[in-house]
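Asker: Pasting a structure below so you can have a look.
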Amino acid sequence: MKLFASLTSPYARKIRIILAEKALPFDLVVDSPWEANTRVPDINPLGKVPALVTDDGEAFFDSPVIAGYLETLDATPHLLPPQPLEAVRVRQTEALADGITDAAVTALLESRRPDGERSDTVIARQMDKIERGLDLLETRAAGREWLHGERYSLGDIATGVALGYLDLRFPRTAWRDT
4 MKLFASLTSP
14 YARKIRIILA
24 EKALPFDLVV
34 DSPWEANTRV
44 PDINPLGKVP
54 ALVTDDGEAF
64 FDSPVIAGYL
74 ETLDATPHLL
84 PPQPLEAVRV
94 RQTEALADGI
104 TDAAVTALLE
114 SRRPDGERSD
124 TVIARQMDKI
134 ERGLDLLETR
144 AAGREWLHGE
154 RYSLGDIATG
164 VALGYLDLRF
174 PRTAWRDT
């Protein structure tokens with residue numbers, strides 16, 4: 004397998020963690036979709052990372068899809084519980100954590116726009132999404148070692164990645180203080 008990723012992409016980080024947890028061999032191809040000579044659009048028509056190419060040449064893109072594919076492989080640990088409803092709950096936590104990450108990426112990109120083009124309203128809305136998402140995660144995590152059941156799951160990975168990205172890009176976010 005080949006994983007096309009940028010080293011700062013939180014979504015690619017999630018997939019790299021899953022691959023490491025499952026001890027699946029892969030080649031990391033560092034490729035930034037922002038660069039002129041990127042090969043990413045040849046694999047993912049949306050031009051985003053991560054993108055995974057299997058040994059058979061099939062391409063999967065978008066981190067939830069790649070995570071789902073990796074879960075189908077005969078590799079442990081399983082990061083989704085076998086019970087369908089519980090698996091949906093873990094996926095919902097993944098979506099929540101990815102949504103927090105989406106909001107952080109949007110706020111970051113908006114904050115980098117030149118004066119006169121930047122929208123403080125857009126940034127504030129994204130920061131509100133982050134705050135609401137963190138509040139829900141805090142409620143779900145209260146008094147628990149893992150977010151779902153008695154074991155580490157995809158929800159824990161996605162949440163850790165979101166929090167790590169906030170540490171990287173928004174170090175003043177007070178999630179550690181709650």
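For the numbering used here, add 3 to where a residue sits in the sequence shown, where the first one is 1.
Backbone N, C-alpha and C fix where the C-beta goes; we use that ideal spot for every residue, glycine too.
Bear in mind the structure is a predicted one, so any value in this text is a computation, not a measurement.
Quick one, which of 65, 27, 38, 116 has its alpha-carbon nearest residue 58's?
Answerer: For the options 65, 27, 38, 116, the alpha carbon positioned closest to that of residue 58 is the one of 27.
Asker: Within 10 Å of its beta-carbon, does residue 47 have 16 or more other beta-carbons around it, so buried, or fewer, so exposed?
Answerer: buried
Asker: At the level of alpha carbons, what is the spacing between residue 122 and residue 155?
Answerer: 39 Å
Asker: Residue ranges of each alpha helix (DSSP H) run of no fewer than 4 residues wholly in the stretch 26-106, ordered along the chain?
Answerer: Qualifying alpha helix (DSSP H) stretches, in chain order: 43-46, 66-75.
Asker: In this structure, how does DSSP classify residue 165 when only helix, strand and coil are distinguished?
Answerer: Helix at residue 165.
Asker: In the DSSP assignment, find the beta strand (DSSP E) that holds residue 150 and state where it starts and stops.
Answerer: Unbroken run through residue 150: none, as it is neither H nor E.
Asker: Please confirm whether residue 14 and residue 53 have their CB atoms less than 8 Å apart.
Answerer: yes
Asker: Looking at residue 18 and residue 82, is the spacing between their C-beta atoms short of 8 Å?
Answerer: No.
Asker: Does the count of Cβ pairs from the stretch 63-72 and the stretch 133-141 closer than 8 Å reach three?
Answerer: no
Asker: Would residue 70 pass as a contact of residue 164 if the rule is Cβ separation under 8 Å?
Answerer: Against a cut-off of 8 Å, the Cβ pair of residue 164 and residue 70 comes out as no contact.
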